[in-house]
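All remarks here apply to the structure that follows.
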Amino acid sequence: MRGVVTPIFGLLAVAAIALGLLNATVWQPSRTITADAKVTGTRYIVTDPDVLGLVDDRVTITADGGSGTVCVAIASSKDATGWLAGHPYTRLTGLSDWTTLSTERASAGTGQSGSQSDSGDSGDSGDEDVAFADSDMWRSVQCGDGSTEIKATSSAVTDVALVDLGEGGDSADVSFTWTRKTLPDYSTPMYFLGGLLVVLAILTASVFAMPPHKRRKRVVESDPIPAREEEVSIAEAFTGSLNAIKPSFTPKSSGRPRRRHAVGSDTSSSIPVVRIEGESGTGTQPVVVDPSSRNLVADAGASATPAPTTPEPQPEPVDDSATSVISQDELQAYFARLAREVGEESTSGDDNGDDGKGKE
């Protein structure tokens, strides 16, 4: 498909550009337009309103009558109608083509009285009382022997040109020449059409020739959707708050006094016994060591050789006051106190036994 459509668009683009060049050079419209007409059988020739400005607002009128005096006047359509009352004349109605003026024969008017009532400024019959060249009804007038020429400007849509061929004149060659200030531009639309066809040829040879799935993929990759921030739900926020508060409610060791072991009881199965020298000088006594008051994990960590490990994220600090490490001095003081208490209990027990024997 690409091998058929692309060449067609290319050929059309070349043709449009070529036509634009021809319209700008060889086929460019002429700046000067000249149209003429051959009139016979009437003395007067008059143009219709708007004929003077058919091509441009400036026109050159040439009238060639062959012999006699020929005059051309520029006047309003009302004054020209008043002058022509009672006389046959020929109308120039426009352009039949770019080089020919169209004509139409008109019969005589209503007569002299009618012309006086219509014109207002004419007074008596124009051609009997006042010469054509001397009438004040014209805006401009030009006369000559055999032929004449006048340049006119179409200042109003009602302006007309009136030609008088004189006494005995009934044929003339009238021509109008316009020089256009601006020419119609036919080349620019062709250039625009050629450029549009070139763009279509490029698109059909590239983008439109790709498979549809590749075009869709390219569009998706070229326009990524921005990532949206994840929203935390209420349940997740509540669970995280509970996890943060939970370490502060860690149960501590009970405050109830522990049961003291009687003297001579066997505690080797559950509690280790350490013998130390008491402060009271009574000799060595067995001392009970409470494992719950020691942080065995901390002791093991202190005695172990640190190994190089990768850093890990540290957990939140936990209240470990219940399992804090006891120093050596505190441990010795605790054992000394415990030994005194055990010694005092043993002494009180022996005294009670001796009193009972004496009574017996």
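Numbered per full-length UniProt numbering, the sequence shown spans residues 1 to 360.
Glycine included, each C-beta is placed from N, C-alpha and C at the ideal position.
Residue span of the alpha helix (DSSP H) that contains residue i, given as start and end
{"i": "Thr99", "result": "It is not in any alpha helix (DSSP H) - Thr99 carries neither H nor E in the DSSP assignment."}
{"i": "Tyr186", "result": "Counting along the chain, Tyr186 falls outside any alpha helix (DSSP H), and DSSP gives it neither H nor E."}
{"i": "Asp79", "result": "77 to 83"}
Burial state of residue i, where buried means 16 or more other Cβ atoms lie within 10 Å
{"i": "Asp134", "result": "exposed"}
{"i": "Leu183", "result": "exposed"}
{"i": "Ser154", "result": "buried"}
{"i": "Asp159", "result": "buried"}
{"i": "residue 361", "result": "Look at the range of the chain in this structure, 1 to 360, and you will see that residue 361 is not part of it."}
{"i": "Val174", "result": "buried"}
{"i": "Thr81", "result": "buried"}
{"i": "Val163", "result": "buried"}
{"i": "Ala83", "result": "With the sequence shown as reference, residue 83 is identified as Trp, and Ala is not the correct amino acid for it. So Trp83 ends up on the buried side."}
{"i": "Gly168", "result": "exposed"}
{"i": "Ala16", "result": "buried"}
{"i": "Ala108", "result": "exposed"}
{"i": "Ala85", "result": "buried"}
Whole-angstrom distance between residue j and residue i, CA atom to CA atom
{"i": "Ile150", "j": "Thr62", "result": "7 Å"}
{"i": "Leu52", "j": "Ser67", "result": "26 Å"}
{"i": "Ala131", "j": "Cys71", "result": "11 Å"}
{"i": "Thr177", "j": "Ala35", "result": "7 Å"}
{"i": "Pro7", "j": "Thr60", "result": "51 Å"}
{"i": "Gly20", "j": "Phe9", "result": "17 Å"}
{"i": "Tyr186", "j": "Trp138", "result": "40 Å"}
{"i": "Ala235", "j": "Asn243", "result": "12 Å"}
{"i": "Ala161", "j": "Ala201", "result": "56 Å"}
{"i": "Leu11", "j": "Gly195", "result": "12 Å"}
{"i": "Lys38", "j": "Met190", "result": "39 Å"}
{"i": "Thr100", "j": "Val198", "result": "42 Å"}
{"i": "Ala336", "j": "Glu330", "result": "10 Å"}
{"i": "Gln328", "j": "Ala339", "result": "17 Å"}
{"i": "Val157", "j": "Lys78", "result": "12 Å"}
{"i": "Val342", "j": "Ser348", "result": "10 Å"}
{"i": "Leu95", "j": "Val207", "result": "52 Å"}
{"i": "Trp27", "j": "Asp50", "result": "28 Å"}
{"i": "Ala24", "j": "Arg31", "result": "13 Å"}
{"i": "residue 361", "j": "Thr239", "result": "It is not possible to answer for residue 361, since the shown part of the chain is limited to 1 through 360."}
{"i": "Trp98", "j": "Asp48", "result": "17 Å"}
{"i": "Thr188", "j": "Ala18", "result": "12 Å"}
{"i": "Gly144", "j": "His87", "result": "22 Å"}
{"i": "Leu22", "j": "Gly146", "result": "43 Å"}
Chain-order list of residues whose beta-carbon lies under 7 Å from that of residue i (same chain, five-residue window excluded)
{"i": "Val14", "result": "none"}
{"i": "Asp57", "result": "Thr153, Ser154"}
{"i": "Thr204", "result": "Arg2, Val5, Thr6, Phe9"}
{"i": "Pro29", "result": "Leu183, Pro184"}
{"i": "Val55", "result": "Ile33, Trp178, Arg180"}
{"i": "Ala75", "result": "Met137, Trp138, Arg139, Val160, Leu162"}
Run of the beta strand (DSSP E) containing residue i, from where it starts to where it stops
{"i": "Trp178", "result": "171 to 179"}
{"i": "Gln142", "result": "140 to 153"}
{"i": "residue 368", "result": "Past the edges of the chain, shown from 1 to 360, lies residue 368, and the structure says nothing about it."}
{"i": "Ala161", "result": "159 to 164"}
{"i": "Val26", "result": "Run containing Val26: none; DSSP gives neither H nor E here."}
{"i": "Val46", "result": "44 to 47"}
Beta-carbon proximity list for residue i, same chain, < 6 Å, skipping 5 on both sides
{"i": "Thr148", "result": "Ala63, Val70, Val72, Gln142"}
{"i": "Tyr89", "result": "Thr42, Tyr44, Val46, Ala106"}
{"i": "Glu344", "result": "none"}
Any chain C beta carbon closer than 9 Å to residue i
{"i": "Pro184", "result": "Structure shown: chain C not included; a single protein chain is present."}
Proximal residues to residue i (C-beta, below 8 Å), its chain only, five neighbours per side dropped
{"i": "Ser171", "result": "Lys38, Val39, Thr40, Gly41, Gly65, Gly66, Leu165"}
{"i": "Thr103", "result": "Ala37, Val39, Thr90, Arg91, Leu92, Thr93"}
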